[in-house]
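J.:
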Amino acid sequence: MRVLDIPFMLRIIPELLRGIPVCLEITCVSMICGCLIGLATALFRIYKIPVLHQLSSVYISFMRGTPLLVQILITYYGVPVILRWINYKYGTKFDISGVPAVYFMFFCFSLCFGAYLSEMFRSAILSVDPGQMEACYSIGMTTPNALLRIILPQALTNAIPNMGNTFISLVKDTSLAFTAAVAEVMGQAKIVAGRSSKFFEAYIVAAVIYWIMCIFFEQILRRLEKFSRRFERDQGTSLKVNPAAHPKRTV
Amino acid sequence: MCEAQIICRLENIHKAFGQNQVLKGVDAEVRKGEALAILGPSGSGKTTLLRCINFLERADEGTIGIGGLKVDCKQVSKRNILNIRRKTAMVFQNFNLFKNKTIVENVMEGLVQVKKIPKNTAYAESIKLLTQVGLEEHVNYYPSQLSGGQQQRVGIARALILNPDVILLDEPTSALDPELVGEVLQTIKNLTHTGITMIIVTHEIHFAREVADQIIFMDEGIVVETGSPKDVIDNSQNPRTRQFLSRFTETLNKAAS
Numbered sequence: 061m062r063v064l065d066i067p068f069m070l071r072i073i074p075e076l077l078r079g080i081p082v083c084l085e086i087t088c089v090s091m092i093c094g095c096l097i098g099l100a101t102a103l104f105r106i107y108k109i110p111v112l113h114q115l116s117s118v119y120i121s122f123m124r125g126t127p128l129l130v131q132i133l134i135t136y137y138g139v140p141v142i143l144r145w146i147n148y149k150y151g152t153k154f155d156i157s158g159v160p161a162v163y164f165m166f167f168c169f170s171l172c173f174g175a176y177l178s179e180m181f182r183s184a185i186l187s188v189d190p191g192q193m194e195a196c197y198s199i200g201m202t203t204p205n206a207l208l209r210i211i212l213p214q215a216l217t218n219a220i221p222n223m224g225n226t227f228i229s230l231v232k233d234t235s236l237a238f239t240a241a242v243a244e245v246m247g248q249a250k251i252v253a254g255r256s257s258k259f260f261e262a263y264i265v266a267a268v269i270y271w272i273m274c275i276f277f278e279q280i281l282r283r284l285e286k287f288s289r290r291f292e293r294d295q296g297t298s299l300k301v302n303p304a305a306h307p308k309r310t311v
Numbered sequence: 021m022c023e024a025q026i027i028c029r030l031e032n033i034h035k036a037f038g039q040n041q042v043l044k045g046v047d048a049e050v051r052k053g054e055a056l057a058i059l060g061p062s063g064s065g066k067t068t069l070l071r072c073i074n075f076l077e078r079a080d081e082g083t084i085g086i087g088g089l090k091v092d093c094k095q096v097s098k099r100n101i102l103n104i105r106r107k108t109a110m111v112f113q114n115f116n117l118f119k120n121k122t123i124v125e126n127v128m129e130g131l132v133q134v135k136k137i138p139k140n141t142a143y144a145e146s147i148k149l150l151t152q153v154g155l156e157e158h159v160n161y162y163p164s165q166l167s168g169g170q171q172q173r174v175g176i177a178r179a180l181i182l183n184p185d186v187i188l189l190d191e192p193t194s195a196l197d198p199e200l201v202g203e204v205l206q207t208i209k210n211l212t213h214t215g216i217t218m219i220i221v222t223h224e225i226h227f228a229r230e231v232a233d234q235i236i237f238m239d240e241g242i243v244v245e246t247g248s249p250k251d252v253i254d255n256s257q258n259p260r261t262r263q264f265l266s267r268f269t270e271t272l273n274k275a276a277s
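Listed in order, the protein sequences are those of chains B and W.
Just so we're aligned, residue 61 is where the first sequence starts under the numbering used here, counting upward by one.
Just so we're aligned, residue 21 is where the second sequence starts under the numbering used here, counting upward by one.
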């Protein structure tokens, strides 16, 4: 008896690959929305904006304190209920069954990863030398201007390694979306496996696909990190950098 | 000394950090084009005083007047804090250059973002000024690629380009190793001929005597003595000043004899 049915595994690859676009969709939308949510909540907390500051804290505590799987299920079963209630109460006509399940996942993953990214941004912003902000003030810059031009670019540089980790986690966590009937890679694997009863093979193929995707993203993130650290001294280049290596900005 | 107009006036500045009263009612006046040096031992409040002038520290009490704008520290609006900051510029002890900007971008930043000058004009002006401080070859470097002395000269250029009413220099040479102090002091010395008004907190007594028009000696949050370098450094009648300066004057006398 064979342990693995290799021909079967090869045959099902295209079917599993069909889940990749959905997986990337969820990853990218959630990462972008999560970054915006995270940045906003991080600033609310650092500058202690009344009300928003407390709301942010509760939001982050809840999102980090509950499992993603539970959040997905709550979204999947809860949002339709809420929509139905709104329809009933206000006479609106939201088409509940017309909303694709993947939209729920955008919502859920954005909120969840927004919380993690928020903590990341907060520590990254706080790690920027306070002297940088003082220098901005000393030449008469306003706080928003200073944040945008000086503090955040440096904070993001600090945050990139952690953001990369989060991104990789996110890629893998999209597999949980199958519980909400979203046919991403894991969902496809489950369908194939259910049809043939070859669970072991199907899940191994899924694992390899996730692995390859993550290797690909790791490479991109490494380059991104290197690029973002170009203004730091310790970047593997010698102290006497050729000025030509830093082409003059077109002004 | 000519009776030029007073461009910066501090009255009765008080500042406490918690229970620690750092400034206990400091008054000072600087005339236009004058260099004021603030001397004093560590912990005497001189850096705090300097930082109160542009509201990096918020004084608890007192008034600050710079170039026609007078504010009461107790009830100053955000708008006026910004206005005061735009009439001053600061050179920091540890440079605080924008790490994510090249040298020329560091200098341009204030012109473009604060004074809203078009980028190409700002670029040309910045290059001109950087050439004056001897850094024309480094304009596209990042701060981390320069020596401390070079970084501080960029810091001076970044402050100077805004053409502020007063430049505040906070121990501009304290973070430099001895070999690099000279080039920075020379740069500051050259400024005194341009008619720019400066307030310098420094430990370089020799330098202060050379460039300053007026010297303030501070101790424990109050001004102990004010006067010309001659009065305060060479012929001080105040025991506390004499004690502080004794080490300096000793070496000076040795060198003379």
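Each residue gets a CB set at the ideal place from its N, CA and C atoms; glycine is no exception.
#1: Answer yes if the region 48-66 of chain W comes into contact with the region 167-174 of chain W, meaning at least three C-beta pairs across the two stretches below 8 Å, and no otherwise.
#2: Among Q248(B), V268(B), I120(B), which residue has its Cα nearest to the Cα of P81(B)?
#3: What separation, rounded to the nearest whole angstrom, lies between the Cα atoms of F37(W) and M165(B)?
#4: Do L177(B) and G94(B) come within 8 Å of each other at the CB atom, strictly closer than that value?
#5: According to DSSP, what are the bridge partners of G85(W)?
#6: May I ask you to report which of helix, strand or coil DSSP gives H34(W)?
#7: Give a yes or no on whether the C-beta atoms belonging to T203(B) and I132(B) are separated by under 8 Å.
#8: If distances are taken between C-alpha atoms only, which option among I33(W), S62(W), S164(W) comes closest to E292(B)?
#9: So if I threshold CB-CB distances at 7 Å, which residues from the region 181-210 of chain B count as touching chain W?
#10: Distance check for R290(B) and V186(W), CA to CA, integer angstroms please.
#11: Quick one: what's got a C-beta closer than 7 Å to R262(W)'s C-beta in the same chain, skipping five residues either side?
#12: Does S164(W) get closer than 8 Å to chain B when you measure Cβ to Cβ?
#13: Taking the straight line between their C-alpha atoms, what separation do you get for F122(B) and G79(B)?
#14: Of all the CB atoms in chain W, is at least one closer than 8 Å to the CB of E285(B)?
#15: Could you say which of M128(W), K107(W), I27(W) lies nearest to T141(W) if we only look at CA atoms?
#16: Please state whether the Cβ-Cβ distance between L76(W) and Y197(B) is less than 8 Å.
#17: Less than 8 Å between CB atoms is the rule here; does Q171(W) satisfy it with respect to chain B?
#18: I'd like to know whether the C-beta of G130(W) is nearer than 8 Å to at least one C-beta of chain B.
#19: Looking at the structure shown, is E245(W) part of a helix, part of a strand, or coil, going by DSSP?
#20: Can you name the residues of chain B whose CB is closer than 9 Å to the CB of A37(W)?
#21: What residues are listed by DSSP as bridge partners for R51(W)?
#22: Tell me F237(W)'s beta-bridge partners as DSSP assigns them.
#23: Give the DSSP-derived three-state secondary structure of L188(W) in the structure shown.
#24: Per DSSP, what kind of secondary structure is I73(W) in: helix, strand or coil?
#25: Determine which residues share a DSSP beta bridge with I219(W) and list them.
#26: Using the three-state DSSP reduction, which class does S266(W) fall into: helix, strand or coil?
#27: Give every residue of the same chain whose Cβ lies closer than 6 Å to the Cβ of R124(B), excluding the five residues on either side of it in the sequence, and list them in chain order.
#28: Put Q257(W) into one of helix, strand or coil per three-state DSSP.
#29: I'd like to know whether the C-beta of Q131(B) is nearer than 8 Å to at least one C-beta of chain W.
#30: N40(W) by DSSP, collapsed to three states: which one?
#31: Determine the chain B residues that contact Q133(W) at a beta-carbon separation under 7 Å, and present them in chain order.
#32: Starting from V111(W) and walking both ways along the beta strand (DSSP E), at which residues does that stretch end?
#33: I need the straight-line Cα distance from F264(W) to Y119(B), nearest angstrom please.
#34: Check whether the Cβ of L76(W) lies closer than 8 Å to any Cβ atom in chain B.
#35: Do Y150(B) and the ligand NAP come close, with the Cβ less than 7 Å from some heavy atom?
#36: Can you tell me whether G45(W) is helix, strand or coil according to DSSP?
T.: According to the structure shown:
#1: no
#2: Q248(B)
#3: 50 Å
#4: In this structure, G94(B) places its C-beta atom within 8 Å of the C-beta atom of L177(B).
#5: Its beta-bridge partners are R29(W), K90(W).
#6: strand
#7: no
#8: Selected option, being the one with the closest Cα: S164(W).
#9: The residues in question are G191, Q192, E194, A195, Y197, S198, I199, G200, M201, T202, N205, R209, I210.
#10: In this structure, the alpha-carbon of V186(W) lies about 35 Å from that of R290(B).
#11: S256
#12: yes
#13: 30 Å
#14: Cβ-Cβ to chain W under 8 Å: no for E285(B).
#15: M128(W)
#16: yes
#17: Under the 8 Å criterion on CB atoms, Q171(W) is classed as non-interfacial with respect to chain B.
#18: yes
#19: strand
#20: For clarity, residue 37(W) is Phe in the given sequence; the question names Ala instead. Neighbours of F37(W) on chain B: none; closest Cβ ~15 Å, over 9 Å.
#21: I26(W)
#22: Its beta-bridge partners are L59(W), E245(W).
#23: Here DSSP, grouped into helix, strand and coil, assigns L188(W) to strand.
#24: helix
#25: Checking the DSSP bridge columns, you'll see I219(W) partnered with L56(W), L188(W).
#26: In the three-state DSSP reduction, S266(W) falls in the helix class (H, G or I).
#27: A175
#28: Q257(W) sits in coil when the DSSP states are folded into three classes, being neither helix nor strand.
#29: no
#30: strand
#31: M201, N205, R209
#32: In the DSSP assignment, V111(W) falls within the unbroken beta strand (DSSP E) covering 108-111.
#33: 57 Å
#34: yes
#35: As for the ligand NAP, it is missing from this structure, which has no ligand bound.
#36: Secondary structure at G45(W): strand, using DSSP grouped into helix, strand and coil.
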